[in-house]
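All residue numbers in the sequence shown are consecutive under the working numbering, ending with 1338.
Idealized CB from N, CA, C, for every residue including glycine.
To keep things clear, I will list the structure first and then write my remarks on it.
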Amino acid sequence: MDTGTTAFMLCCIIGLTLMIPGLALFYGGMVSVKSSTNMMMMTFGAVALVGVLWALFGFSMVFGTSYGGFVGDFTEFLGLKDLLETMTTVDGLPVSLFAVFQALFAAITVALISGAVADRMKFGAWMTFAALWAVLVYFPVAHWVFAFDGVVTENSVGGWIANKLGAVDFAGGTAVHINAGAAALAVAIVLGKSALFGQLRRPHNVPLTLLGAGMLWAGWYAFNGGSALSAGTSASMVMVTTFVATCAAVLAWISVEKIKDGHVTGVGAASGAIAGLVAITPACGAVTPVGAIILGAVAGAICVYAVGLKGRFGYDDSLDVVGVHLVGGLIGTLLIGFLASEGMPNGVNGLFYGGGIDLLWKQAVAAGAVMAYSFTVAFAIAFVLKKTMGIRISPDEEEQGIDAKFHRESSYEIQPA
């Protein structure tokens, strides 16, 4: 057992866990004061639910021996059995620790979708959707992308994107961001528009959103760096590219915002940071620091405009999950095909480094497959729930606010002077 790597991964797990309140604050600050607690509860509820599912059979579905490259054997590690007895390490890392690390990826990915349904989805319906989407979409897609042959046991067979297609996704541009963004678009369409769609909806607490973005930024070093699964040069370079891409995205977002709208906003800076983090996630081990700056700047500039697509096409993606995570994930995944350098940990060249178009088409196939599968299944899940248990709160409940109606508490108690 590599004790240094084990200690490094323990720290990464702490960093990933801090992303949970980070996401809750980031989303919670952007919604109205009447639904802020509900927004945060959707994050915490999804994380708790997915964590239990992961322990029962999710880890096995992702990292169990593959059925045709599509999904792992859900019985192989049922209840996380044998992790302490027969499986000791993955490249010097305890498999039990690897399981917790990947569990947090699953939980955070599901929680990301909640931003598209803010202010108008029943909490029970959200929890049901989260459970079904995790089982039917995230676990299979994570198997496609993260389950490399031999990653858990010497003879284990993994997913088709990782092993057959050979697309590059260092930390989850496809499995996390494109996956969640496509699902967010689907459920937003089924759910319908809020009563205030098309009107200016101001965030109720910008400092909370900035604080949440800062916590997510810090946790993202664990998200990306920890995906190296070792405390070494690869993790170090990944953290460098993660940092500079995010900085470039913030500058690009607020610059475009200034040109387009005539002002710079705190929410814009926070959103720019997230756009950069999303885009660099798949590419952090493939592009150089200069390449990361270019990638971050492109993501920051394009995602500003992408968040406006909801007004043009009429879907109510309340907190811009589609514009930031789907579009940002696509940008990062596809630009690997142009900007990848073999001197980086992934060891491949993109088009601009003499690698031809081979890598680019692989990236496009991986992104397209994940997007199509996630959207289709998420739409079907949301549609069935709408026709059975119902997913939308009533207009009166929307006017009153979800916090008061469903949680019997408010985000703030203002006492008279």
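**Asked** What residue from Y1294, N1076, H1125 and Y948 has the CA that sits closest to L1137's CA?
**Response** Minimum Cα distance to L1137 is reached at Y948.
**Message:** So, at 7 Å on beta carbons, what are the nonlocal neighbours of C1205 in its own chain, with the 5 sequence-adjacent residues on each side left out?
**Reply:** Apart from sequence neighbours up to five positions away, the residues of its chain that approach C1205 with a beta-carbon distance below 7 Å are F1091, A1092, N1145, V1159, T1162 and T1163, ordered along the chain.
**Item:** Exposure of D1317, with buried meaning 16 or more beta-carbon neighbours within 10 Å
**Value:** Exposed, because fewer than 16 other Cβ atoms sit within 10 Å of the Cβ of D1317.
**Prompt:** Can you round the beta-carbon distance between A1103 and M1292 to whole angstroms, since I take them to be within the 8 Å contact cut?
**Reply:** Between the beta-carbon of A1103 and that of M1292 there is about 5 Å, and that keeps the pair under the 8 Å contact cut.
**Span separating the alpha-carbon of A1196 from that of G1221** = Take the alpha-carbon of A1196 and the one of G1221: they are about 6 Å apart.
**Request:** Please go through the same chain and pick out, in chain order, the residues whose beta-carbon is closer than 7 Å to the beta-carbon of K1085, but skip the five residues on each side of it.
**Result:** Once the five neighbours on either side are set aside, the close Cβ partners of K1085 are G990.
**Request:** Please work out which residues of its chain come closer than 6 Å, Cβ to Cβ, to V1177, disregarding the five sequence neighbours upstream and downstream, and give them in chain order.
**Result:** Taken in chain order, the residues that qualify are A1222 and V1225.
**Message:** Between the alpha carbons of M930 and D923, how many angstroms are there, rounded?
**Reply:** Straight through space, the alpha carbons of D923 and M930 are spaced by roughly 11 Å.
**Prompt:** Taking the Cβ atom as the reference point for each residue, do V983 and A1051 lie within a distance shorter than 8 Å?
**Reply:** No, they are not a contact pair.
**Item:** Heavy atom of the ligand COA within 7 Å of L1121 beta-carbon
**Value:** Absence of the ligand COA from the depicted structure is noted, as is the absence of any ligand whatsoever, leaving it without description.
**Message:** By the DSSP assignment, the alpha helix (DSSP H) with R1041 in it spans what residues?
**Reply:** No alpha helix (DSSP H) holds R1041; DSSP gives it neither H nor E.
**Residue burial classification, Q1023 (beta-carbon count within 10 angstroms, cutoff 16)** = Around the beta-carbon of Q1023, 16 or more other beta-carbon atoms lie within 10 Å, marking it buried.
**Request:** Can you have a look at P1128 and say buried or exposed, based on whether 16 or more other CB atoms are within 10 angstroms of its CB?
**Result:** Counting Cβ neighbours within 10 Å, P1128 comes out exposed, since fewer than 16 surround it.
**Request:** Identify every residue that forms a DSSP beta bridge with S987.
**Result:** In the DSSP secondary-structure assignment, S987 is bridged to G993.
**Prompt:** How is the alpha helix (DSSP H) around C933 delimited, first residue to last?
**Reply:** Where C933 is concerned, the enclosing alpha helix (DSSP H) stretches over T924 to M951.
**Item:** Span separating the alpha-carbon of V1038 from that of M960
**Value:** Rounded to the nearest whole angstrom, the CA to CA distance from V1038 to M960 is 9 Å.
**the region 1232–1239 in contact with the region 1248–1264 per 3-pair CB rule at 8 Å** = As far as the Cβ criterion goes, the region 1232–1239 does not touch the region 1248–1264, which means the pair count is below three.
**Those residues which DSSP pairs with R871 across a bridge** = Here the chain comprises residues numbered 922 to 1338, so residue 871 is not present and cannot be evaluated.
**Request:** Whole angstroms is fine: what's the gap from L1121's alpha carbon to S953's?
**Result:** Spanning the two alpha carbons is a distance of roughly 12 Å.
**Asked** What three-state label does DSSP hand L1014 in the structure shown?
**Response** DSSP, read as helix, strand or coil, puts L1014 in strand.
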